[in-house]
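These notes concern the structure reproduced below.
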DNA sequence: TGTGGGCGCACATTTGCCGTTTGCGGCAA
């Protein structure tokens, strides 16, 4: 018997009880028991007090004893007999929950998708109290659609969708202001929908205009408080628009940014003080509703610092609020150290990239075009990069407000050699090494390549260390903890590639790296000027790993950057 | 069903919108 089995047993019991239309708190008690075990870091053999855990009581404890003594649970066995297995897929039908399924089963003996479909077609469902004609029609539709439902979309796809919706909203004059909310605002790697808060005095006008200008596949719901639609934008995507007044904006933005767990924690705090948080404000004990000019003021009202959206996760961020002041922010960023120009596969000249970085207020930057192995990217030969170096040096003399360093993003070749010889690397200020080929090699071969790069004295940083593309490919599967150890050993930087396609390293590895005192560079890897903006979302992603300012080398002043990295 | 506070009974992770039906389930952050 292991912990996983116990956890899965609890979850199954909860699921079956839900299908029986059991008391939701009873169902919840089994889910909670599963959760308690999951959150406990100890293995089963280390838990001598398992029956004494908070959340495990008489009923749930009996299940554990059953499992430990007999390897199976009597309760689950009974439920499995009582609940037809065909019922389980019914929970996936939007609009059907445990209670409605139980009702249908009791009234019509529904025990599978097929019997439900038949009951809808013979119009028996609409005769059941609580169900009507519309529900019956909708159920039939949903049954046909089952399985074709859209999954989660990667953040880079969501970003495109958000931008295009925002462009449409700017054209609606009745919209006073708006903001994206939801999981995209929290910089999640994947989202299942997009959420917007809209300030307007004329919600119904805005609603109708949105329905006109957006590529609507389906209108799910639409009132004066919200509009829910399915949009047809390359992929199908759910979109929610919430209409609020200016005064409600801050609390609405907070509420619809989530996460749900974060909101629940905040509301618990309010409740313990006799107050009530909703998206419309904070209701105090005397019944008056207080609103706020900003999320910052809202948090301050509960004696909390501003918690950045990206940190609003499982609620535990509230317990760590005093650490927030030390985390990296976009304002701390002084430079971007990975970008491409027309010399390789970038879209803009060196000068144009420099001007763009100046506009961002950076004090320094590094030009890092590809090297000649990467033919598709027009990688630079030794001769061309020497020309580029002299061009950059000349250009650098024109500016006294930004320092332009000569760098490269050098390929680590499939056989473990590096694309440039040491004597050439020596002439550069900053060397990024990265893998762009032969992803299917064994982990051993990949690690040999990475070791060759990270142990080279002229290499400063390993870029996008796993090669993953979110929602598309897993990368080349390096042993990242080992790579982090090497980074520590050779005093090298690892990259957090801020391009939303990558977010590489991922959160869990960033946390390990920071613990090991390995420095991180957040880079945009920009191939065009507008991609320099990805520093913002890159920093948000870094915050999710609780990266401190001093961990991130982009926050270092120019002098420190030169002293510790360029001329170390 | 579990916990807490008191041995029987609340309250449980919060709050509000919409659709469909006319009280409430499902859903969302």
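Residue numbers (full-length UniProt numbering): 1 to 568. In this text, a Cβ means the ideal position worked out from N, Cα and C, and glycines have one as well.
Drop a sphere of 10 angstroms on the beta-carbon of residue 344, count the other beta-carbons inside from all chains shown, and report buried for 16 or more, exposed for fewer. Counted from its first residue, the first chain places residue 344 at position 344. So residue 344 counts as buried.
Classify residue 383: buried if its beta carbon has 16 or more other beta carbons within 10 angstroms, exposed otherwise. Numbered from its first residue, the first chain carries residue 383 at position 383. Exposed.
If you follow the beta strand (DSSP E) that residue 197 is in, where does it begin and where does it stop? For the purposes of this step, residue 197 is identified with residue 197 of the first chain, where counting begins at 1. Segment 193-199, the beta strand (DSSP E) holding residue 197.
To which residues does DSSP link residue 42 through a beta bridge? Reading the first chain from its first residue, position 42 is the one you call residue 42. Answer is none; residue 42 lacks a bridge partner.
Residue 404 beta carbon less than 8 angstroms from that of residue 396: Locating residue 396 in the first chain gives position 396, counting from the first residue. Locating residue 404 in the first chain gives position 404, counting from the first residue. Yes. Within cutoff.
Can you look up residue 298 in the DSSP assignment and give me helix, strand or coil? Taking the first chain and counting its residues from 1, the one referred to as residue 298 is at position 298. Residue 298: helix per DSSP, three-state reduction.
Same chain only: Cβ atoms within 8 angstroms of residue 270, ignoring 5 sequence neighbours per side: Counting from one through the first chain, the residue named residue 270 turns up at place 270. The residues are 276, 277, 282, 302.
Can you give me the start and stop residues for the beta strand (DSSP E) that residue 520 sits inside? Within the first chain, residue 520 is the residue found at index 520, counting from 1. Taken as a continuous stretch (DSSP letters only), the beta strand (DSSP E) holding residue 520 covers 520-523.
Out of 393, 213, 187, state which residue places its alpha-carbon closest to the alpha-carbon of residue 164. The residue labelled residue 164 in the question sits at position 164 within the first chain. For the residues 393, 213, 187, the minimum Cα distance to residue 164 belongs to 213.
Check each candidate in 105, 92, 485, 332 and name the one with the smallest Cα separation from residue 557. Your numbering for residue 557 matches position 557 in the first chain. Ranking 105, 92, 485, 332 by Cα distance to residue 557 puts 332 first.
Report all residues from its chain with a CB closer than 7 angstroms to the CB of residue 482; omit the five preceding and five following residues, and keep chain order. One-based indexing of the first chain puts residue 482 at position 482. Cβ neighbours of residue 482 beyond the five flanking positions: 447.
Inter-residue Cα distance where the pair is residue 185 and residue 309: Taking the first chain and counting its residues from 1, the one referred to as residue 185 is at position 185. Taking the first chain and counting its residues from 1, the one referred to as residue 309 is at position 309. Computed Cα separation, rounded: 6 angstroms.
Which residues in the same chain as residue 477 place their Cβ atom closer than 6 angstroms to its Cβ, once the five residues preceding and following it in sequence are excluded? Here the question's residue 477 lines up with position 477 in the first chain. Cβ neighbours of residue 477 beyond the five flanking positions: 443.
Which full runs of the alpha helix (DSSP H) of 4+ residues lie inside the segment 194-265, going along the chain? 203-213, 249-257
Indicate the three-state DSSP secondary structure (helix, strand or coil) for residue 128 in the structure shown. As a first step, residue 128 must be located in the first chain, where it is residue number 128. Residue state, collapsed to three classes: coil.
Pull up the distance between the alpha-carbon of residue 72 and that of residue 314, whole angstroms please. Here residue 72 refers to the residue found at position 72 of the first chain. Here residue 314 refers to the residue found at position 314 of the first chain. Residue 72 and residue 314: Cα-Cα distance of roughly 32 angstroms.
Going by the CB atoms, is the gap between residue 323 and residue 306 shorter than 8 angstroms? Stepping through the first chain from its first residue, residue 306 is reached at position 306. Stepping through the first chain from its first residue, residue 323 is reached at position 323. In this structure, residue 323 does not lie closer than 8 angstroms to residue 306 by Cβ.
Is it true that the segment 483-501 meets the segment 525-534, where meeting means three or more beta-carbon pairs spaced less than 8 angstroms apart? yes
Supposed close pair residue 407, residue 299 - CB separation, criterion 8 angstroms: Your numbering for residue 407 matches position 407 in the first chain. Your numbering for residue 299 matches position 299 in the first chain. Actually they do not touch by this definition, with Cβ atoms about 40 angstroms apart.
List the DSSP bridge partners of residue 401. The residue labelled residue 401 in the question sits at position 401 within the first chain. Answer is none; residue 401 lacks a bridge partner.
Pull up the distance between the alpha-carbon of residue 152 and that of residue 201, whole angstroms please. Here residue 152 refers to the residue found at position 152 of the first chain. Here residue 201 refers to the residue found at position 201 of the first chain. Cα to Cα, the separation comes out at about 33 angstroms.
Assuming residue 60 is part of the alpha helix (DSSP H), what are its boundary residues? By one-based count along the first chain, residue 60 stands at place 60. Element bounds for residue 60: 58-70.
Could you check whether residue 340 and residue 372 sit closer than 8 angstroms to each other, using their CB atoms as the reference points? Counting from 1 along the first chain, the entry for residue 372 is found at position 372. Counting from 1 along the first chain, the entry for residue 340 is found at position 340. No, the Cβ-Cβ distance between residue 372 and residue 340 is not below 8 angstroms.
For residue 530, does the three-state DSSP call read helix, strand or coil? In the first chain, the residue the question calls residue 530 occupies position 530. Here residue 530 sits in helix by DSSP.
Tell me which residue opens and which closes the alpha helix (DSSP H) that residue 82 is part of. Counted from its first residue, the first chain places residue 82 at position 82. Per DSSP, residue 82 belongs to the alpha helix (DSSP H) from 74-82.
Cβ shell of residue 416 (< 7 angstroms), same chain only, five flanking positions each side left out: As a working mapping, residue 416 is identified with position 416 in the first chain. Result list for residue 416: 448, 449, 452, in chain order.
With DSSP run on the structure shown, which of helix, strand or coil describes residue 364? Residue numbering aside, residue 364 sits at position 364 when the first chain is read from its first letter. Note: residue 364 maps to strand in three-state DSSP.
Nearest-angstrom Cα separation, counted from residue 19 out to residue 88: Start at 1 with the first residue of the first chain, and residue 88 comes out as number 88. Start at 1 with the first residue of the first chain, and residue 19 comes out as number 19. Between residue 88 and residue 19, the C-alpha separation is close to 7 angstroms.
Taking the DSSP output, what are the residues bridged to residue 178? Residue mapping note: residue 178 aligns to position 178 of the first chain, counting from 1. Residue 178 is bridged to 198.
How big is the Cα-Cα spacing for residue 504 and residue 77? By one-based count along the first chain, residue 504 stands at place 504. By one-based count along the first chain, residue 77 stands at place 77. The alpha-carbon atoms of residue 504 and residue 77 are separated by roughly 45 angstroms.
Closest to residue 129 by C-alpha separation, out of 105, 293, 145, would be which residue? Taking the first residue of the first chain as position 1, residue 129 is located at position 129. Closest option to residue 129, Cα to Cα, is 105.
Between the alpha carbons of residue 48 and residue 560, how many angstroms are there, rounded? By one-based count along the first chain, residue 48 stands at place 48. By one-based count along the first chain, residue 560 stands at place 560. C-alpha separation (whole angstroms): 52 angstroms.
Within 10 Å of its beta-carbon, does residue 517 have 16 or more other beta-carbons around it, so buried, or fewer, so exposed? Numbered from its first residue, the first chain carries residue 517 at position 517. Residue 517 comes out exposed.
Could you spell out the range, first to last residue, of the beta strand (DSSP E) harbouring residue 512? As a working mapping, residue 512 is identified with position 512 in the first chain. Unbroken run through residue 512 is the alpha helix (DSSP H), 507-515; no beta strand (DSSP E).
Contacting residues, own chain, Cβ-Cβ under 6 angstroms from residue 53 (five flanking each side not counted): On the first chain, residue 53 is found 53 positions in, with the first residue counted as 1. Around residue 53: 36.
Nearest-angstrom Cα distance between residue 319 and residue 227? In the first chain, counting from the first residue as 1, residue 319 sits at position 319. In the first chain, counting from the first residue as 1, residue 227 sits at position 227. For residue 319 and residue 227, the distance between alpha carbons rounds to 34 angstroms.
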